[in-house]
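For the sequence shown, the UniProt record's numbering begins at 1 and goes up steadily by one. Ideal placement from N, C-alpha and C gives every residue a C-beta, glycine not left out.
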Amino acid sequence: MPTEMRRPLLVAMAAVLLAAAGVALLAGAGGDTRRTHVVVDRVPMDEVHPAGAARHPGVVVAHGFAGSAELMAPFGDTLAARGYVVVLLDFSGHGANTRPMRDDDGAGRQRDLDVAVAHLRSLPDVDPARISLVGHSMGAGAVTRYAAAHDDIAGTVAISLPDASDLPPSRPVRLLTLVGGLEFPAFRTAAERAAAEETGRSEVVPGADHVSILFSPTAHRETADWLDQATGGPLPAPMRRAGGAALLLVALAAGLVPVARLLLGPGRRRWPRFEWRAVAVTAGAAAVAAVAARFLPTDDLPLRLGGYVAGLTGVTGALLLAYTSRRPAVEEAAPRRPAAPLLILYAAISIAVPLQLGLTHVVPVGPRWWLLPVVWAGFLLLGYAVERAGGNALTLLAVSALTVVALVAAAVVGLTSTFVLLVAPLLAVLMVGQAVWSAVLHRFGAPRWVIAAAGSLLVAWPIATTLPLVSS
């Protein structure tokens, strides 16, 4: 078998093995628990029921900003293994919840918690007198305030609590706060302040940041031990779902090699040189875009932070494209008829399926269906400008890094939400994935617009489907 055929075949075999391992991890998550999805008063919820017919204590689990019930699913696994019935909700503007979040929606989150707690108490296998709360970040603030106002909450766990300034003295009772050892100091201050009373306790989870604390065995063990009113078996691995999703992501990325070979043929394009001039232009363009994006109509889109990101990437891409337009256009052979749409579809599957199955809710709902193309357009313009500049994957990485730096700087000076500071590493990971796709598709001679469209979708999809919907 020729080498040009053998290599894609070997990569395809490796991708299948990785995908099988990922599916096996995801299929076994949750053990023998029973899971049900319900919507009550417009609040989507996932129920997790342990085995056994007896009445169980119950826990409502609340996600953070840009999170979802799916993101908190490992806590459902952990607590159900200890004998709890768990309800995981999607707050307004998040996950599958199409009700928009308002600018200061503390009251809205309390309403959503009211619905979730009432629903949990109504379940036939739940002891309504033994209800506890667990929340992360924004959800931690919501559950502590809810517990402070409701004496019938048996216990509360606040993970990465952002602020405790408005909690009343000695409330809530039986509060455990958990904070990652790598989180910003303000989170540790809030955790210690909230748990300062005799019935509270604060713990630092070593080596965890604002996101990885959700998958820390220490955080899961501390949560279960604090709430423990029932007996159960050993705790499941918190990373099982995320690990399965990661294997699927890698498998589908590896699968791009045989897919591109099948759709584009064996064509090989020479590796382009690094375009340092384009990187220098991007630095200036991103600085201009960071300011301009604050005043563009995109900043008013009903997607918190997403409109600003679309504006920043779009303006940066437009300025870089104006620079590259001075170069003569490179003539490219048209791809085989179905290649372009199939590669873009494969990109959508490669990012959406693993994240939805093992990490968080990324199926577009409500206005997200039209917001996704808007966010995608900004990243597409930036990606195409880089392709016009030569298409070197390292150039794309450098441009992506400057884009992330511009976003972080904008957050620091107040041009956009400081939430960027927490998710910048995740955005950087997505952009690395985009660079990998660019390198593979460039190698097989894909048209530059196809490379840009497929790669940019990998970044735009999670942004458009996870950031909160807000009132326009």
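Might you give, ordered along the chain, the residues of its own chain that have their beta carbon closer than 6 Å to the beta carbon of residue i, omitting 5 neighbours on each side?
i	result
P354	A245, L248 and L249
A285	T316, L319 and L320
T78	H220, A224 and L235
residue 558	Residue 558 lies beyond the stretch modelled for the chain, which goes from 1 to 472, so this question has no answer here.
S350	L252
Note down the Cα distance separating residue i from residue j, rounded to an integer number of angstroms.
i	j	result
Y84	H37	17 Å
R337	A454	16 Å
D32	E47	14 Å
P447	I159	46 Å
W461	A253	16 Å
V374	A464	9 Å
L321	R34	52 Å
S400	A208	25 Å
R326	V115	59 Å
A237	P217	7 Å
L426	V432	10 Å
V413	H49	46 Å
R188	D90	26 Å
V459	V211	18 Å
L457	L227	41 Å
A411	A27	39 Å
A409	P57	46 Å
When DSSP labels each residue in this structure, what does residue i get in the three-state scheme?
i	result
R188	helix
S132	strand
T33	coil
T98	coil
G455	helix
R82	coil
S122	helix
D209	coil
D112	helix
V92	Note that residue 92 corresponds to Ser in the displayed sequence, not to Val. In this structure, S92 counts as coil in the three-state DSSP scheme.
Is it buried or exposed, residue i, if we count other Cβ atoms within 10 angstroms and call 16 or more buried?
i	result
V281	buried
L345	exposed
T466	buried
L10	exposed
A24	exposed
P297	exposed
A164	buried
M72	buried
R171	buried
Grab me the residues of residue i's own chain with a C-beta within less than 8 Å of its C-beta, minus the 5 sequence neighbours each way, in chain order.
i	result
R145	G106, Q110, D166 and L167
T231	Legend: pLDDT at T231 = 47, less than 50; position of this residue unreliable, no value from coordinates given.
V205	L178, V179, G180, G181, I213, S216, T218, A219 and E222
Within its chain, find whatever has a CB closer than 7 Å to the CB of residue i; leave out the 5 residues flanking it on each side and keep chain order.
i	result
E192	S202
R261	P8 and F444
N392	P272, R273, F274 and E275
- Query: Unbroken alpha helix (DSSP H) runs of length 4 or more, entirely within the segment 347-407: which are they?
  - Reply: Listed in chain order, the alpha helix (DSSP H) elements of length 4 or more contained wholly in the segment 347-407 are 368-388.
- Kindly provide the ranges of any alpha helix (DSSP H) runs that are 4 or more residues long and lie completely inside the segment 37-85, ordered along the chain. 73-81
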